[in-house]
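Position one of the sequence shown corresponds to residue 848 (the numbering used here), numbered consecutively onward. Beta carbons are placed, not taken as given, at the ideal position from N, Cα and C, and that holds for glycine.
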Amino acid sequence: MSRRGPKHFAKLAFVLSDADEPQDTDENRFRARILAAAPGDDLLALWHRKLTAWDFEQAPTWSATAPRTPERRAEIYDRLVFGPDLRKALDAAVPVHEEAGPVTISREFQPWYTREQAANHSFYWASYERLLRRKGWPDAAVAGLDEAAHAVVERLADPTRGDAYGARGLVVGYVQSGKTANFTGVTAKAIDAGYRLVIVLGGTLNLLRGQTQRRLDMELIGQENILGSADPDDPDALVGIDYQDDEDWPAKFVSFGARPSALGAFDIERLTSRDRDYMSLERGISALEFEKPDRTRPLYDPANLHAARARVMVVKKNKSVLEKLVKDLKKFGPILGEVPALIIDDESDQASVNTTDPKKWEDGKVTRTAINGQISALLKLLPRAQYVGYTATPFANVFIDPGDEEDLFPRDFLISLPRPTDYMGVQDFHDLDTVDDGEGEAERKHVRGIYDSTGDRLQEALDAFVLTGALKVYRAEHGVASEPFRHHTMLVHESVRMAEHTALALRINTMWHNAAYTGPEGHARLADLFKRDFRTCADGSLPTPATYADLKPYVAEARRLINQGGSPVMVINGESERDYTQPDLDFDRTPHVWKILVGGTKLSRGFTVEGLTITYYRRTTQQADTLMQMGRWFGFRPGYRDLVRLYIGREETLGRGRSAKTVDLYEAFEAICRDEELFRAELARYAPLVDGRPQVTPAQIPPLVAQHLPWVKPSARNKMFNAELVEVRSPGKPIEPAAYPQDAALTSRNTERWKSVLGPLSGTSATCVLRPDETSPLPRSFQAATAVIPHAQLLSVLSSLEWEDGNVLAPHLTYLSQLDGRLAKVDDWLVIAPQRTQRSRIEATVLGQGPFSLFRRSRQSGKQSFGRISGLEHRLFAQQLIEQPDLASTGDSFPALGATRGVVLLYPVVEAAQDDEVKAVATTGTAATDRVIMAFTVIPPKAAIDTKKQLVRFQTKDSTRPDAVIVNAD
């Protein structure tokens, strides 16, 4: 039963059975054994692993069926030659795991890393797999990680190939979803396969780098490689050896039983340690001198490669550190060309992306930011280096110019990892499938909105932190595994300003000491919150006291743990590394971290807040990836997911002065979650091969990036220089171009293209009456020419218009063109050509139609763009029609629009600073077409959108392929 696939089981069993007991091969006995097996039974565990592995295997040589399907399982049984009764028994014991696996978008590649190859060289992977099972990972999770890690490694270059090639890839996970486990698995498989230098770029802080180093040392590199030749029983020999002060050493560090080289494998040499980032090659040049049994052949030759030790370093993303590494590697010269290397970039959209503006490059020469430049230099020095980025927010990475060969665009593959089992993520906090705006089940259970009417709810959040701590203590005493309750934390994130963090921490400290948790007032508050919230939303499968009186004895213990160290509050911000190395914050070395953490940006990147149960979040930002990374409340919450609460601002101020607006942060999170889910869904849509070939390559992925909320962009502006709008959908919102052509001939041609619309407008007049609203308690009115034209006619006109410096209307036309029923249905458009007041009216015919009022507008200083084209009252009137499509206007000739009619405001505009200039254009009563700009505002019906409510798409500009065909946006 190798990875070559299942074989006739009875024949194999007969060969292996005791000759005196042929009944060993009897299928009925086997079935009875499976049915009688208790949890943890060795035989059942073996079959669980084998069936799951076969179920998950991608494109095996022995099957053409899709993985994770009943069809694949049926073929497995056919090949094993199992009867129907045994099949039923095994299906009951080991159900088919049909949840989605990783989604891969890839270039075509030369297969080299087969399952047989992986099995032949699997020392470190097999060890890691055993460790995961000891940690309690279910078979499906282990098989899923195996599948995803294999998908990455098989798309790297064969480490033994003659010509050097460096693949570039990206792995997209979820925020705090176990990406480290995936790249640990990839590292294990890669070094087993022959990669001999692994460089992990592990965050921008020593704390994050140290966390990653410890994780790799504990789960992959192991005790024997850390100890080297030191005798673990000799205290003197252990001086200077890592982890001797770590409470998890050696029990939780993987052990091979002996040095791997003594077991027929190869050792790993660490070039960095838990507390020491890369400083220099401590043994000088010899640290990277690889052993070659046959010195006449290169290192990558199989005769040399599999005998050589692997080198691993975990390096901080810091300019000076990377400069030292690059400088040292340059000393080696051509020999580096023989070294198969793997560079893993954790949080690859942070610091690694080149954020310089291409428009500011001199003589077209690329200017790189510090970290991006050093990574690029590293890849140049190591021609056999493979680069794999890991992130939960991929948009900055996919907006890299694919034509920049020295940059980090994932040109070879992009792999989207599935949402892990038991992961608490988007769907647990947002009801994405609700059809109305009411509160859904997820919101009811976990989200507590902060509105002007509710006050800041900070005291309630503190009470919730105390209550949930008490509930964890209660559950630990009532049979729930206590390890997940080792840490208990609350995160408070209001601002990026460090001075505000200090002030807020002081305020929380004061509130804590005035909360009266030992007196009747405090207990009354806790009892009320428990009754109306935590008791109501408790998971029925977990022990929860029936009344607060039953929980009250545990509150004191929760308070004691929170007060340990003197203060319940810790400030974590970016002032210095010292802030992140506070003993009370070390989740690895401190037995219990029960604290309220106040911080900003540094708490939102790579830093895992263990035991996070209560989040208080009110910070605004306009970048989706920044906002998503702040979602620290996502993650694994075993034994307490029902206790997790998110206190979030629903009416927060974004911006200052006149540009300030009120935003709903919960809505913003939901919008970017929709963006992310749509991106993953689109990847899955295009991932299946067609005739054995990819439908799309990574360079064609960027159009799949969407934006559901207009004020939240996919990424920071300086990470989107290569991003180009593909489509803008504007249901119920005005589309109003501002940059009209300055060229007279262009203007004339554009004006002539409106003739088919000007004809129906000519000679008409209607009174447009605005209903009273927040801008005025009185009705107002204006006169206008009006006409209704078919959708196809308007689309034809708009599509024929010419523009300078690119078609500014193109992303909107992509949307409008789909309102023929493909996306939504718009039948026709009410065109309104407003007239100026009688006192200031200047009229002229245009193309023999009219007369129409001519409007004076000026371009902004030094720009092509005009200011606002449409008049305020005109725009308000049009918007009232759109907002209430079933309500007739109080003016004449305006029946209710209905759901399938949009509105167009049309203005014959003369570019002028004074009315006298407009009068000069109208002197003869006829306006020349080259002097009149037909400016317009288009407002589609509110219903002109599909159920996904996706509003914006982007694509990446490829500097080498300006006319490349991209996947259609529809």
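The DSSP-derived three-state label of K1508 is strand.
The C-beta distance from E1307 to L1376 rounds to 7 Å, short enough to meet the 8 Å contact threshold. If you look at L1135, you'll find it isn't in any beta strand (DSSP E); DSSP assigns it neither H nor E. Taking 8 Å as the cut-off, the beta carbon of A1084 is found no closer than this to the beta carbon of D1093. Counting every other CB atom within 10 Å of its CB across the protein chains shown gives V1086 a total below 16, marking it as exposed.
Cα atoms of I1729 and S1414: separation of roughly 56 Å, rounded to the nearest angstrom. G1496 and L1512 have their alpha carbons spaced roughly 6 Å apart. Secondary structure of S1612 (DSSP, three-state): coil. Three or more beta-carbon pairs separated by less than 8 Å link the stretch 1255-1269 to the stretch 944-953, which places the two stretches in contact.
Here P1588 has T1594 and E1651 as same chain residues with Cβ atoms under 6 Å from its own Cβ, once five neighbours each way along the sequence are excluded. Cβ atoms of R920 and D902 come within 8 Å of each other, at about 6 Å. Considered as a whole, the stretch 909-962 harbours 950-953 as its complete beta strand (DSSP E) runs of no fewer than 3 residues, in chain order. Sixteen is the threshold: when 16 or more other Cβ atoms of the shown chains lie within 10 Å of the Cβ of K1036, as they do, the residue is buried. R1527 and D1259 do not touch by the CB rule: their CB atoms are close to 19 Å apart, not below 8 Å. Taking C-beta atoms under 8 Å as the contact rule, T1391 and A1385 qualify, at a distance of about 4 Å. The DSSP-derived three-state label of L1314 is helix.
Membership of R1354 in the alpha helix (DSSP H) is indicated by the continuous run M1345 to H1360. Within the stretch 1640-1692, the complete beta strand (DSSP E) segments of 3 residues or longer fall at 1675-1681, listed in chain order. Here DSSP, grouped into helix, strand and coil, assigns R1748 to strand. Rounded to the nearest angstrom, the gap between the Cα atoms of L1670 and A1791 is 8 Å. Here the alpha carbons of M1337 and G1287 stand approximately 24 Å from one another. In the structure shown, the three-state DSSP call for E1758 is strand. DSSP places Y1090 outside any beta strand (DSSP E), giving it a letter other than H or E. Comparing alpha carbon positions, the residue from G1016, P853 and L1110 closest to F970 is L1110. The three-state secondary structure of R878, taken from DSSP, is helix. The stretch 1143-1153 and the stretch 1039-1046 touch, with three or more beta-carbon pairs separated by less than 8 Å. With respect to the 8 Å criterion, V1693 and P1755 are classified as neighbours on the basis of their beta carbons.
In the DSSP assignment, M1337 is bridged to I1443 and I1461. Annotation: the stretch 1257-1298 contains the following complete segments of the alpha helix (DSSP H) (minimum length 4 residues), in chain order: 1273-1276 and 1288-1293.
Around the beta carbon of S1300, a 10 Å sphere encloses fewer than 16 other beta carbons of the protein chains shown; the residue is thus reported as exposed. For I1073, the enclosing alpha helix (DSSP H) stretches over residues G1069 to L1074. Boundaries of the alpha helix (DSSP H) harbouring I1222: A1217 to L1228, taken from the DSSP string.
D1005 and G887 have their C-alpha atoms spaced approximately 39 Å apart. Residue burial annotation: R915 is buried, with at least 16 other C-beta atoms found within 10 angstroms of its C-beta. Q1023 counts as buried, since at least 16 other C-beta atoms from the protein chains shown sit within 10 angstroms of its C-beta.
A straight line joining the alpha-carbon of S1388 with that of D1620 spans about 53 Å.
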